[in-house]
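2 protein chains.
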Amino acid sequence: MARVYNFSAGPSCIFEEVLEEASSQMLEYGDSGMSVMEMSHRSDHFEEIINRCESSLKSLMMIPDNYEVLFLQGGASLQFCMIPMNLLYKGSADVIHTGIWTEKAIKELNRLGKAEVIASSEDKTFTYIPKIDESMINDTADYLYICQNNTIFGTRYAELPITKGKPLVADLSSCILSEPVDVSKYGIIFAGAQKNMGIAGLTTVIIRKDLIEDRKNIPSMLSYKVMADNKSMYNTPPTYAIYICDLVLNHITRKIGGLAEMEKKNREKADILYTYLDSSSLFKNPVNKEDRSLMNVTFVTGDENTDKDFIVKAEEEGFVNLKGHRLVGGMRASIYNAMSLEGVKSLVSFMSEYERNK
Amino acid sequence: MARVYNFSAGPSCIFEEVLEEASSQMLEYGDSGMSVMEMSHRSDHFEEIINRCESSLKSLMMIPDNYEVLFLQGGASLQFCMIPMNLLYKGSADVIHTGIWTEKAIKELNRLGKAEVIASSEDKTFTYIPKIDESMINDTADYLYICQNNTIFGTRYAELPITKGKPLVADLSSCILSEPVDVSKYGIIFAGAQKNMGIAGLTTVIIRKDLIEDRKNIPSMLSYKVMADNKSMYNTPPTYAIYICDLVLNHITRKIGGLAEMEKKNREKADILYTYLDSSSLFKNPVNKEDRSLMNVTFVTGDENTDKDFIVKAEEEGFVNLKGHRLVGGMRASIYNAMSLEGVKSLVSFMSEYERNK
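Each protein sequence line maps, in turn, to chains A and B. Just so we're aligned: 584 in our numbering is position 249 of the first sequence, and the numbers increase by one with no gaps anywhere. Just so we're aligned: 460 in our numbering is position 125 of the second sequence, and the numbers increase by one with no gaps anywhere.
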């Protein structure tokens with residue numbers, strides 16, 4: 336038995352060193368005499384973990400002082416309702432529609448107010464990021480909403496849209512920590528942890544402090560104000576997921592050397608894969624070149640049976656979870672931070688060989 | 336370094352065998368070639384885990400077929416708003432008020448409708464469970480709400496209240512799996528996992544199917560209907576927490592021998608501790624005898640400095656997290672399923688010795 340190359344879109348591969356550390360600390364963490372799983376969230380040991388996790392994230396992402404970091408539950412999907420509950424005043428938000436995840440956000444937004452879709456790439460099966468100009472932004476919008484990296488369709492914003500002074504609310508679930516971002520350009524950044532931050536069950540929200548208001552009649556658990564006032568400990572937080580996130584952040588800081596280095600590695604991996612795809616006569620990537628995701632690389636052969644055969648044969652060789660999302664078909668290689676350069680090179684070798692033998 | 340006796344109220348001690356199994360499977364689970372942390376929630380391996388977890392729970396608790404089991408996020412605290420959002424029609428619920436956790440539930444209920452407090456033990460600092468009769472139940476109430484075991488004050492319902500046909504909604508966070516319960520008597524049972532089911536970040540809801548309705552304008556993530564229709568996979572569930580829960584359920588089933596055996600062990604532990612407390616001239620348990628919790632045993636010396644001294648000395652001997660909740664003071668020994676008989680006996684020995692030397 337050996338570890339496979341796991342190209343899952345999420346939950347997804349984790350740095351092996353992180354897993355090894357978690358395993359070795361499973362029965363006793365430091366001098367605590369217990370597992371992190373068993374620790375009271377109010378204990379000194381856990382306080383140290385959550386505080387270190389927060390300060391590592393602040394330092395890695397260079398988060399300015401006027402932002403709050405929250406560790407929440409419920410995934411990005413719970414943010415789809417928390418955001419409008421907390422941020423809608425006039426009642427509507429502008430949305431750039433780029434795939435399934437903005438579609439879900441729009442649906443929840445429309446339950447609590449109104450989503451104004453100011454641009455969409457649905458006309459070309461979401462294979463590009465639409466451009467917007469100032470004239471498209473509604474004066475009445477409370478914020479502008481985007482999904483920065485689209486896991487399913489393999490697109491990403493190479494540049495952020497203009498916002499005309501509106502707070503930019505962005506879903507970074509599948510690209511957070513993959514490269515440096517200028518946090519000061521956002522009102523809210525949010526991300527589920529199960530791609531680049533650790534395990535499912537933790538959601539990180541980075542919110543500009545002036546957007547945190549005491550909204551009346553919002554359930555406590557859905558109020559950014561309550562969560563911020565209680566430093567993410569209004570109730571028991573997902574302690575073990577926060578611990579794994581802390582290990583991941585520590586790994587990126589100390590072993591990788593920060594987000595600029597992380598980006599370099601990610602660009603190298605993506606370049607190798609896209610360069611091969613662009614030269615292949617069997618596999619094609621359908622995404623507009625300048626909008627290609629560094630994290631999720633989609634490809635098709637144009638023939639369903641060949642796609643199926645490729646996926647089966649790849650799995651036999653230890654390249655797993657290459658099947659594309661059921662709504663898109665084809666293949667997808669998610670090459671998050673924890674996917675090694677060696678993993679991508681091996682995949683490309685395998686694909687070349689498959690192509691030669693076809 | 337050695338493992339301590341951890342009397343934390345939650346997150347709390349976990350069966351050592353479960354931790355050992357999790358540690359040994361951390362890098363590779365079965366023939367998957369990956370950690371459970373890295374598995375897609377849509378993968379065959381994870382589907383097997385969540386299905387086994389559900390069927391083990393159904394079999395252990397003898398959950399009738401007309402109940403749905405949901406694995407959610409957000410802790411019991413998120414249930415405080417989900418329950419009224421999904422169950423209020425006429426607009427109010429009857430509540431028996433027995434401490435901080437019903438207080439929090441009442442607060443959230445009053446944001447979305449009205450909580451009618453039909454009985455309360457606040458007059459005696461929540462040291463007993465108030466009795467109710469049929470005349471106290473409001474015809475207009477949509478359901479009757481209780482907290483079955485009160486972690487902070489150390490009380491529990493030895494018998495369920497009459498409900499006059501209303502659905503009984505019960506918070507079993509700190510007593511689920513500690514003894515058999517007759518699920519058919521409840522409308523909803525819910526519990527955070529971090530006491531008897533594993534780790535923080537997972538909340539189990541057992542709901543009678545006729546209570547699951549398609550409520551309009553509820554956010555998807557807060558709808559029991561959406562969660563039930565998607566078999567707890569509307570979005571990525573807390574996969575690793577579900578895996579740990581599965582290991583815990585397996586341990587209770589195979590190593591302990593089921594909930595009747597679990598109850599026997601829990602009663603033995605509680606008896607030893609209460610018998611000592613009732614005979615002690617230094618320590619006192621303030622709870623009405625018939626309402627004493629089997630899981631959370633509170634005690635005081637009546638002198639704050641002695642309490643403090645005891646807690647410090649106990650910690651030096653490896654008995655940790657004995658400090659009572661900040662709202663109650665004194666001490667509390669939480670003796671959940673995973674606390675061994677040996678742990679309780681050792682604590683009582685230590686307390687006796689402390690008393691002799693006083």
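By construction, the Cβ of each residue, glycine as well, lies at the ideal position given by its N, Cα and C atoms.
- Residues of the region 535-551 of chain A that bring their beta carbon within less than 7 Å of a beta carbon in chain B comprise 535, 536, in sequence order.
- Under the 8 Å criterion on CB atoms, residue 337 (chain B) is classed as interfacial with respect to chain A.
- In the structure shown, residue 603 (chain B) adopts helical secondary structure according to DSSP, grouped into three states.
- Residues of the region 512-534 of chain A with a Cβ closer than 8 Å to any Cβ of chain B, in chain order: 527, 529, 533, 534.
- A straight-line Cα-Cα distance of about 15 Å links residue 419 (chain A) and residue 410 (chain A).
- Put simply, the CB of residue 483 (chain B) is far from chain A, with every gap to its CB atoms at 8 Å or more.
- Straight across, the Cα-Cα distance linking residue 399 (chain A) with residue 510 (chain B) is about 44 Å.
- Using a Cβ-Cβ cut-off of 8 Å, residue 628 (chain A) is close to nothing in chain B; its nearest Cβ partner there is about 18 Å away.
- Following the DSSP letters along the chain, one finds residue 506 (chain A) inside the beta strand (DSSP E) bounded by residues 503-506.
- Of the candidates A:525, A:551, A:472, the residue whose Cα lies closest to the Cα of residue 499 (chain A) is A:472.
- Taken atom to atom, the span from the alpha-carbon of residue 658 (chain A) to that of residue 541 (chain A) is near 32 Å.
- Per DSSP, the unbroken alpha helix (DSSP H) holding residue 562 (chain B) starts and ends at 559-564.
- Residue 678 (chain A) is classed as buried because its beta carbon has at least 16 other beta carbons within 10 Å across all chains shown.
- Per DSSP, the unbroken beta strand (DSSP E) holding residue 540 (chain A) starts and ends at 538-543.
- Per DSSP, the unbroken beta strand (DSSP E) holding residue 631 (chain A) starts and ends at 631-634.
- Counting C-beta atoms within 10 angstroms of its own C-beta, residue 647 (chain A) has fewer than 16 neighbours from the protein chains shown and is therefore classed as exposed.
- Approximately 6 Å separates the beta-carbon atoms of residue 536 (chain A) and residue 408 (chain B); this is inside 8 Å, confirming the contact.
- The CB of residue 432 (chain A) never comes closer than 8 Å to any CB in chain B; the least such distance is about 18 Å.
- The C-beta distance from residue 526 (chain A) to residue 507 (chain A) rounds to 5 Å, short enough to fall under 8 Å.
- Ranked by Cα distance from residue 599 (chain A), the options A:357, A:676, A:529 are led by A:676.
- When the beta-carbon positions are compared, residue 372 (chain B) and residue 497 (chain A) stay at least 8 Å from each other.
- From the beta-carbon of residue 446 (chain A), the residues of chain B found nearer than 7 Å are 552, 554.
- In this structure, residue 630 (chain A) places its C-beta atom within 8 Å of the C-beta atom of residue 484 (chain A).
- At least one CB atom of chain B sits nearer than 8 Å to the CB of residue 361 (chain A).
- In the DSSP secondary-structure assignment, residue 669 (chain B) is bridged to B:631.
- Proximity of chain B to residue 574 (chain A) at the Cβ level (cut-off 9 Å) is accounted for by 346, 529, 534, 535, 536, in chain order.
- Sequence-distant partners of residue 569 (chain A) (beyond 5 residues in either direction) whose C-beta falls short of 8 Å from its own C-beta, in its chain, are 555, 556, 561, 562.
- CA-CA distance, residue 397 (chain A) to residue 361 (chain B), rounds to 32 Å.
- Remark: C-beta atoms of residue 453 (chain A) and residue 464 (chain A) do not approach each other more closely than 8 Å.
- For residue 376 (chain B), the nearest beta carbon of chain A is closer than 8 Å to its own beta carbon.
- With distances taken between CA atoms, residue 427 (chain B) lies nearest to B:449 out of B:435, B:416, B:449, B:415.
- Straight through space, the alpha carbons of residue 491 (chain A) and residue 514 (chain A) are spaced by roughly 12 Å.
- With contacts defined as CB atoms closer than 8 Å, residue 386 (chain A) and residue 544 (chain A) fail to qualify as a contacting pair.
- Taking each of A:683, A:343, A:628 in turn and checking the Cα distance to residue 374 (chain B), the smallest one comes out for A:343.
- Here residue 380 (chain A) has 367, 374 as same chain residues with Cβ atoms under 6 Å from its own Cβ, once five neighbours each way along the sequence are excluded.
- Around the beta-carbon of residue 616 (chain B), fewer than 16 other beta-carbon atoms lie within 10 Å, marking it exposed.
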